[in-house]
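Report on one structure; see the data block that follows.
Number of protein chains: 2
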Amino acid sequence: MTRRLTVLAGPTAVGKGTVAAWVREHHPEVWLSVSATTRPPRPGEQDGVHYHFVSGDQFADMVRRGEMLEWAVVHGRASYGTPRAAVEQALDQGLMPLLEIDLQGARQVRASMPEAYFVFLAPPSWDELVHRLEGRGTESAEERAVRLETAKVEMAAQEEFDAVVVNDDIRRAAEELVSLMGSH
Amino acid sequence: MTRRLTVLAGPTAVGKGTVAAWVREHHPEVWLSVSATTRPPRPGEQDGVHYHFVSGDQFADMVRRGEMLEWAVVHGRASYGTPRAAVEQALDQGLMPLLEIDLQGARQVRASMPEAYFVFLAPPSWDELVHRLEGRGTESAEERAVRLETAKVEMAAQEEFDAVVVNDDIRRAAEELVSLMGSH
């Protein structure tokens with residue numbers, strides 16, 4: 001078995017962050033990738049734990065040197081990226097690196113590290129995803145309709161992935177993910 | 001000479017759209033890619049000219065069938081993408097296809113069509129880019145500072161490209177672009 005980076009992605013509101021947090025808490029053999037960002041820390045956020053907080057110049061240097069597995073400018077404001085070196089170090093140390101990321105980021109990683117293993121986190125059903133999206137709250141009917149159209153597109157992206165894990169239960173989905181990581 | 005898709009990208013406010021529009025007007029041998037989108041048309045926009053306006057279901061089907069060279073959900077709302085078939089048809093017809101796109105889209109195209117030719121449109125100088133960004137208007141000092149940090153990161157991306165064209169003059173830059181398209 002050769003260790004590979006595992007990339008976990010999926011539609012909005014499917015619970016990627018919750019599944020990744022469960023893995024972090026219960027599987028010390030899994031190393032969770034920490035993103036670099038140019039945005040300032042929020043209260044309670046620790047450098048190196050929640051993000052690597054860097055300046056625009058530092059981030060630009062990393063991009064220039066090809067040190068980002070993927071990166072994006074979000075809403076024309078802060079930049080976010082995944083430093084390649086830390087992932088490779090985790091692989092060298094025999095850890096299982098896991099990167100939780102959005103769909104566009106996942107497709108960039110496919111370009112820069114095609115040997116990675118791509119897992120799509122899916123909702124138990126379309127109705128359940130609709131329920132979770134609607135549970136977000138105070139939007140107008142039009143905004144909800146737009147969000148559902150977006151979710152349809154995001155669900156279609158699962159064809160691009162190596163495996164699909166259904167998030168019917170956080171613990172079960174997380175264990176299936178870790179099991180897949182150990183067996184591919 | 002083998003015809004290839006040319007991808008034109010660059011930092012915010014560098015003038016990609018203006019250069020592409022000049023090419024469209026003066027070079028009928030260049031075929032400009034038309035994006036598909038799920039957002040509704042705005043007044044004056046024509047289907048098939050400015051965008052292909054499609055439903056969420058249609059867009060999702062294209063994603064599912066792998067028919068998008070790249071796609072993104074923008075601000076969690078509308079989806080935008082580049083249909084592969086039209087680009088390949090243009091290539092078959094001996095036209096020179098040009099895709100004007102943002103930096104993230106360009107990196108996705110590199111994953112799905114690595115044989116494409118990637119051109120970075122650069123400002124004549126850093127000061128000139130700052131001037132153009134500031135010319136956008138009514139932002140606070142903090143918003144301007146964020147925009148400049150973003151521009152630094154975007155400028156660093158030029159290392160990823162096959163060629164750099166400096167947008168010192170729209171006509172000159174457009175002609176250099178077309179000349180590059182014809183010679184690679």
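The listed protein sequences correspond, in order, to chains B and L. Take UniProt numbering: the last position of the first sequence gets the number 184, and nothing is skipped along the way. Take UniProt numbering: the last position of the second sequence gets the number 184, and nothing is skipped along the way. Beta carbons: idealized from backbone N, C-alpha and C, even for Gly.
*Note the first and the last residue of the continuous alpha helix (DSSP H) segment covering Phe-161/B.*
Within the first sequence, residue 161/B is the residue found at index 161, counting from 1. Per DSSP, Phe-161/B belongs to no alpha helix (DSSP H) and is neither H nor E.
*Span separating the alpha-carbon of Leu-129/L from that of Leu-8/L*: Here the question's residue 129/L lines up with position 129 in the second sequence. Here the question's residue 8/L lines up with position 8 in the second sequence. The alpha-carbon separation between Leu-129/L and Leu-8/L amounts to approximately 17 Å.
*Between Leu-98/B, Val-63/B and Arg-42/B, which lies nearest to Ile-20/B when the distance is taken from Cα to Cα?*
By 1-based counting over the first sequence, the position of residue 20/B is 20. The sequence shown places Ala at residue 20/B, rather than the Ile named in the question. The residue with the shortest Cα to Cα distance from Ala-20/B is Leu-98/B.
*asked:* Tell me the residue span of the beta strand (DSSP E) that contains Leu-5/B.
replied: For this step, residue 5/B is matched to residue 5 along the first sequence. Per DSSP, Leu-5/B is not a residue of any beta strand (DSSP E), being assigned neither H nor E.
*State the DSSP-derived secondary structure class of Ala-174/L, mapped to helix, strand or coil.*
Along the second sequence, read from residue 1 onward, the residue named residue 174/L stands at position 174. Three-state DSSP puts Ala-174/L in a helix.
*What residues in the segment 58-78 of chain L bring their beta carbon closer than 9 Å to a beta carbon of chain B?*
From the segment 58-78 of chain L, only Phe-59, Ala-60, Asp-61, Met-62, Val-63, Arg-64, Arg-65, Gly-66, Glu-70, Trp-71, Ala-72, Val-73, His-75, Gly-76, Arg-77 and Ala-78 have a Cβ closer than 9 Å to chain B.
*Could you have a look at Ser-112/B and say whether DSSP puts it in helix, strand or coil?*
Taking the first residue of the first sequence as position 1, residue 112/B is located at position 112. Ser-112/B carries a helical assignment under DSSP once its states are collapsed to helix, strand and coil.
*asked:* Does the contact criterion of 3 or more C-beta pairs under 8 Å hold for the segment 120-129 of chain B versus the segment 115-134 of chain L?
replied: The answer is no - the segment 115-134 of chain L does not touch the segment 120-129 of chain B, with fewer than three Cβ pairs under 8 Å.
*Going along the chain, which residues of its own chain have a beta-carbon closer than 6 Å to the beta-carbon of Pro-41/B, five neighbours each way excluded?*
Locating residue 41/B in the first sequence gives position 41, counting from the first residue. Excluding residues within five positions, the ones whose Cβ falls inside 6 Å are Phe-53.
*Beta carbon proximity, Gln-89/B to chain L, threshold 8 Å*: Position 89 of the first sequence, counted from the start, is the residue given in the question as residue 89/B. No, Gln-89/B does not count as interfacial toward chain L.
*asked:* DSSP three-state label for Ser-35/L, please.
replied: For the purposes of this step, residue 35/L is taken as the residue at position 35 of the second sequence. It is coil, neither helix nor strand.
*Roughly how many angstroms lie between the CA atoms of Ser-55/L and Thr-38/L, to the nearest whole one?*
The residue given as residue 55/L occupies position 55 in the second sequence. The residue given as residue 38/L occupies position 38 in the second sequence. Their backbone Cα atoms lie some 5 Å apart in a straight line.
*Exposure label - Gln-89/L; buried when at least 16 CB within 10 Å*: In the second sequence, counting from the first residue as 1, residue 89/L sits at position 89. Gln-89/L counts as exposed, since fewer than 16 other C-beta atoms from the protein chains shown sit within 10 angstroms of its C-beta.
*Entirely enclosed beta strand (DSSP E) segments - the segment 77-125 of chain B, minimum 3 residues*: The segment 77-125 of chain B contains these whole beta strand (DSSP E) runs: 79-83, 96-100 and 117-122.
*Just confirm the distance between the C-beta atoms of Val-30/L and Val-23/L, as a whole number of angstroms; I'd bet it's less than 8 Å.*
As a first step, residue 30/L must be located in the second sequence, where it is residue number 30. As a first step, residue 23/L must be located in the second sequence, where it is residue number 23. That belief holds up - the Cβ atoms of Val-30/L and Val-23/L are roughly 5 Å apart, short of 8 Å.
*Run the CB neighbour count on Ala-85/B, radius 10 Å, all protein chains shown included, and call it buried at 16 or more, exposed below.*
Counting from 1 along the first sequence, the entry for residue 85/B is found at position 85. Exposed, by the Cβ-count rule.
*Can the beta-carbon of Arg-4/L be found closer than 8 Å to that of His-184/L?*
Residue 4/L sits at position 4 when you count from the first residue of the second sequence. Residue 184/L sits at position 184 when you count from the first residue of the second sequence. Here Arg-4/L is near His-184/L, since their CB atoms are less than 8 Å apart.
*Cβ-based neighbour list, Tyr-51/L, same chain, cut-off 6 Å, excluding 5 preceding and 5 following*: Position 51 of the second sequence holds residue 51/L. Within the same chain, and ignoring the five residues on either side of Tyr-51/L in sequence, the residues whose Cβ sits closer than 6 Å to its Cβ are Ser-35 and Thr-37.
_Status (buried if at least 16 other CB within 10 Å, exposed otherwise) for Asp-127/L_ = What you label residue 127/L is simply residue 127 of the second sequence in a count that begins at 1. It is exposed - the Cβ of Asp-127/L has fewer than 16 other Cβ atoms within 10 Å.
*Considering only the beta carbon of each residue, do Val-164/B and Ala-173/B sit closer than 8 Å?*
Along the first sequence, one-based indexing puts residue 164/B at 164. Along the first sequence, one-based indexing puts residue 173/B at 173. It is not a contact, given that the beta carbons lie outside the stated cut-off.
*asked:* So, for Gly-105/B: in the same chain, excluding its five sequence neighbours on each side, which residues have a beta-carbon less than 6 Å away from its beta-carbon?
replied: On the first sequence, position 105 is the one that residue 105/B refers to. Excluding sequence neighbours, Gly-105/B sits near Glu-70.
*asked:* Quick check on Ala-60/B: does DSSP put it in helix, strand or coil?
replied: As a first step, residue 60/B is located in the first sequence; it is residue number 60 there, counting from the start. Note: Ala-60/B maps to helix in three-state DSSP.
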